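Working notes for the structure below.
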Ligand code: SF4
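Numbering (UniProt numbering), first residue to last: 1 to 723.
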């Protein structure tokens, strides 16, 4: 038996695993006791990774050879790698020649490794000259990016997991960490047990498992978070709980914010948020006066048409009370996917560039062009996730390359996404699994390696970079994601820059050497940036284990906590208060659509269930899809648990069993995000076939972060006629 240290491929906690293998088979997995994220623990998903890898369903659904469809709807036929990549290069080059570089787009994933992300970004922005590259991480954390940048000056979570031990007050907002970040939650439970004086506040429309540990639960109305935070600041000001010295020495913009929150009185907050004024006062007092307050937040803030405002309004509270830059304090956004952070670091989004540079900044564009050896990086803004599929549906983007993600299930307003995939003239899907909803639209299917086979690095929620190592050889004809992109780039260079030296001089024969070369190039791009990792080599990761950034040249360990000196990465070194008034959700409930539908994760499933859906035991927690409603709403509609109902929004309708649930309020409904076409079929409002909860969700998005409002859609729920 061979043992290989690697990282769990599921959530942003980023737990270390030890993979046991025999020849080409993964035979076991256990937590890595030396990994600082989990110290040997794994949750139900992580501890069954070897079983999902060995599941007969996985064996049947793995994509092992390149496949080509001669026309849409036809059976996919095997094609040789060289022919497949040659065809892709020809189609992309032809589209670019005829319609310009912005007629192609790349949609990638927070489950790619940092090296994969880096190459795709360079391919789009450096070689092709389009900024049309975005990621499914847009759906989970772009509001956190925008919130940090607007206030603290850089996209850098200032806290770390160890801070849960030092906190005296934990403020969970829009985070069900008990299910979405289980091993971090175990650490929080331990910290709580060791510190009975710790106060826990949970603000969430649903009384989640996380809320089960709350000393104070605030069941706020969906979308009312900004009003909650502004109301807390109003009270902090009134009671003298703000830290005037810190505000004066380390921030700007407080007067404008003070004026904004003047009318966020407890009465008004109570009316908008639906919570008692006394609870608001308790929350404000605990937050401001505790020795150290740590906020933990996730999709409830991010997946919102006012996501940036929600993030900024929460960070305002930390700045106003000096609950930042000390042990146990700070605004700590939790990432959903295993490498959403790595994607941010390499600038793998339409509006970003390598190493936290901004596309809109001419100096940053020039720096990246020089690093890559190209004349320039185009200034034209790229299409973000929702915009990209809308542009394809409108015929503006004609060739799409989709890697390691399943937008036909996971994107909101699925009808538009499917129209885009149908209309695009050429769709490449690079995937480990052949059966995703998106794969059905592919002209070309390229088989990629997956967990246990891949090589590279990922960064978790606390800025910690860990190695991902291969325990078994790549099966069939699968190739590593970065290597597929490099080989495609080589073919495309023959069309776009014939005779010129390649921009992608990495060996794809030796996976370790090639991936390390990509890493080294990424590392150099961070020199003198806030996330400087010029001191971090793969040799150091091998010797000292996972490390947090920044870790500049000369350092031997990374920085545990940021802003301890009160100096922020802004032009004047001060953090900026951002004054945002509360805005209602994009699609408020109304008489025809009287329920607020929210979506979220289950404890034991992951995304579209390509992996977790292969294992019966992971259905032990929740066996089948349902829409959950308050029992009073069910009684009013004469619904019994298990009855089939039509859940209908302005965009589509699905049929699903209803279940009573007292964890949500009246006029609200909840559905898990995981179930796709195998389980839940439905129709768009114009008659097309759809599946899953995203048949219903809206693509309305935050104007700053462009993150869609997956947490709120207005729906009606009506009993289905029985056959
Ligand atoms: Fe994997 Fe997240 Fe579970 Fe850790 S907490 S084992 S990273 S799914």
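Cβ atoms here follow ideal geometry from the backbone N, Cα and C, with glycine treated the same way. These numbers were taken from a predicted model, which means no experiment stands behind them.
Check: Meets three-Cβ-pair contact criterion under 8 angstroms: the region 584 to 597 and the region 709 to 721; Outcome: yes
Check: Cβ contact check for the region 413 to 421 and the region 387 to 399: 3 or more pairs under 8 angstroms; Outcome: yes
Check: Cβ contact check for the region 595 to 614 and the region 663 to 679: 3 or more pairs under 8 angstroms; Outcome: yes
Check: Span separating the alpha-carbon of residue 344 from that of residue 721; Outcome: 48 angstroms
Check: Nonlocal neighbours in the same chain, by C-beta distance under 8 angstroms from residue 660, ignoring five residues either side; Outcome: 628, 629, 630, 631, 634 and 641
Check: Contact test: residue 546 Cβ vs the ligand SF4 heavy atom, cutoff 8 angstroms; Outcome: no
Check: Rounded separation between residue 366 and residue 437 - CA only; Outcome: 39 angstroms
Check: Pocket of the ligand SF4 defined by Cβ to heavy atom distance under 5 angstroms; Outcome: 8, 10, 11, 13, 15, 42, 43, 45, 46, 182 and 183
Check: In DSSP terms, what residue 647 is bridged to; Outcome: 654 and 717
Check: Residue closest to residue 91, alpha-carbon to alpha-carbon, out of 223, 639 and 496; Outcome: 496
Check: Rounded distance between the beta-carbons of residue 708 and residue 139, thought under 8 angstroms; Outcome: 6 angstroms
Check: Inter-stretch contact at 8 angstroms, needing at least 3 Cβ pairs: the region 509 to 525 / the region 113 to 130; Outcome: yes
Check: Nearest residue (CA-CA) to residue 695, options 665, 651, 658 and 662; Outcome: 651
Check: Separation of residue 449 from residue 64, as counted between CA atoms; Outcome: 9 angstroms
Check: Limits of the unbroken alpha helix (DSSP H) element including residue 149; Outcome: 142 to 151
Check: C-alpha gap between residue 474 and residue 302, whole angstroms; Outcome: 36 angstroms
Check: Expected contact under 8 angstroms - CB spacing of residue 131 and residue 381 to nearest Å; Outcome: 6 angstroms
Check: Unbroken stretches of the beta strand (DSSP E), 3 residues or longer, contained in the region 575 to 657; Outcome: 595 to 600, 627 to 629 and 644 to 648
Check: Cβ neighbour criterion (16 or more within 10 Å) applied to residue 73; Outcome: exposed
Check: Beta carbon of residue 621 nearer than 9 angstroms to that of residue 603; Outcome: yes
Check: Burial state of residue 430, where buried means 16 or more other Cβ atoms lie within 10 Å; Outcome: buried
Check: Meets three-Cβ-pair contact criterion under 8 angstroms: the region 470 to 486 and the region 562 to 570; Outcome: no
Check: Extent of the continuous alpha helix (DSSP H) run through residue 273; Outcome: 266 to 273
Check: Boundaries of the alpha helix (DSSP H) in which residue 229 is found, first to last residue; Outcome: 225 to 239
Check: Buried versus exposed, by CB contacts within 10 Å (16 or more), residue 371; Outcome: buried
Check: 4-residue-minimum alpha helix (DSSP H) runs that sit fully inside the region 487 to 523, ordered along the chain; Outcome: none
Check: Helix, strand or coil at residue 126 according to DSSP, with G and I counted as helix; Outcome: helix
Check: Residue range of the alpha helix (DSSP H) that includes residue 417; Outcome: 414 to 423
Check: Straight-line gap, residue 662 to residue 331 (C-alpha atoms, nearest Å); Outcome: 30 angstroms
Check: Straight-line Cα distance separating residue 277 from residue 267; Outcome: 7 angstroms
Check: Same chain only: Cβ atoms within 6 angstroms of residue 441, ignoring 5 sequence neighbours per side; Outcome: 421 and 427
Check: Inter-stretch contact at 8 angstroms, needing at least 3 Cβ pairs: the region 463 to 480 / the region 82 to 101; Outcome: no
Check: Paired residues, beta bridge with residue 68 - DSSP; Outcome: 77 and 444
Check: Proximal residues to residue 550 (C-beta, below 6 angstroms), its chain only, five neighbours per side dropped; Outcome: 531, 532 and 559
Check: Contact belief for residue 11 with residue 336 at Cβ below 8 angstroms, rounded distance in angstroms; Outcome: 7 angstroms
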